[in-house]
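Enquirer:
Numbering (my numbering), first residue to last: 1286 to 1543.
#1: Quick check: the segment 1421-1428 against the segment 1365-1379, are at least 3 beta-carbon pairs closer than 8 Å?
#2: Would residue 1547 and residue 1459 qualify as a contact pair, given that the criterion is a beta-carbon distance under 7 Å?
#3: Which value, in whole angstroms, describes the spacing of the CA atoms of residue 1421 and residue 1299?
#4: Is it the case that the Cβ atoms of residue 1388 and residue 1444 are separated by a distance below 7 Å?
#5: Using the C-alpha atoms, what's the distance from residue 1514 back to residue 1505?
#6: Hey, is the segment 1328-1337 in contact with the segment 1525-1533, meaning 3+ C-beta pairs nearer than 8 Å?
#7: With a cut-off of 8 Å on the beta carbons, I'd call residue 1347 and residue 1335 a contact; round off their distance for me.
#8: Give, in chain order, every unbroken run of the alpha helix (DSSP H) that is at least 4 residues long and sits entirely within the segment 1350-1391.
#9: Can you tell me which of the three DSSP states residue 1488 falls into?
#10: Tell me which same chain residues have a C-beta within less than 6 Å of the C-beta of residue 1486, skipping the five on either side of it?
#11: Round the Cβ separation of residue 1309 and residue 1359 to the nearest angstrom and send it over; I've been treating them as touching at under 8 Å.
#12: Would DSSP call residue 1429 helix, strand or coil?
#13: Alpha carbons only, please: which of 1340, 1333, 1313 is nearest the one belonging to residue 1303?
#14: Check for me: the beta strand (DSSP E) holding residue 1474 runs from which residue to which?
#15: DSSP state of residue 1566, grouped into three classes?
Structure follows, in structure tokens:
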């Protein structure tokens, strides 16, 4: 008897899914049966590599270059999804950017750029996702947030504010979309062991990873795959009654006072 995959015949759109956490999420859904829309903005090569991996799993994949900070690009992203797949079951809002600077050095351009890509895009992408999900009888929306939404991190003011906005939007969307059988939540990873983190540590030469591990009760960093597993869980029937919540996945990093 053939194995029934958890997300078989489901269509999943993951923004910022060429690399890092987004890539892990896209691959996790594909391994569990989903067809996937891969979105990227600047880095085509890793996005294409991710798409090829998904195709090798026997899934359908759509690769779309789009800047989610641009509302016309958001519209086009969902239009292409509809044209290719006819509808959408799962939307993962992962793409993020930002200007890491102290409060007094932030500029209006940095604020607009960060808020548009990280937070505004969630609201208007959700508006485009809803009719595609209604065609399927409902759906799931999961956003990727950050501990910086409520904790003060160095030079993180604008990104932190955008993540706080994401978490607020998650609550509002969860309430208003429940009647349409669309379930909305967010996942807040701690420090995740990605290539970007390793690159940052190499540039900073501050032992960032070792310091983070020492501050994590679990004794190691979170992996992108572990974030992907929690995101996927929120898209299963087992999580039907989890709505408007922010699930922290950080190995206990944010629990100690110091």
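Note that beta-carbon positions come from the ideal geometry of N, C-alpha and C, so glycine has one too.
Expert: Straight from the coordinates:
#1: yes
#2: A question about residue 1547 goes unanswered here, because the residues of the chain that appear run from 1286 up to 1543.
#3: 18 Å
#4: no
#5: 17 Å
#6: no
#7: Between residue 1335 and residue 1347 the Cβ distance is about 12 Å, and since that is not below 8 Å, they are no contact.
#8: 1356-1370
#9: Residue confidence for residue 1488 is low, a pLDDT of 44 falling below 50, so the modelled location carries little weight and cannot support an answer.
#10: Annotation note: pLDDT 45 at residue 1486 (below 50); position unreliable, coordinate value reported separately. Only 1493, 1494 meet the Cβ criterion.
#11: Not really, about 23 Å apart at Cβ, beyond 8 Å.
#12: strand
#13: 1333
#14: 1467-1474
#15: Residue 1566 is absent from the structure shown; the chain starts at 1286 and stops at 1543.
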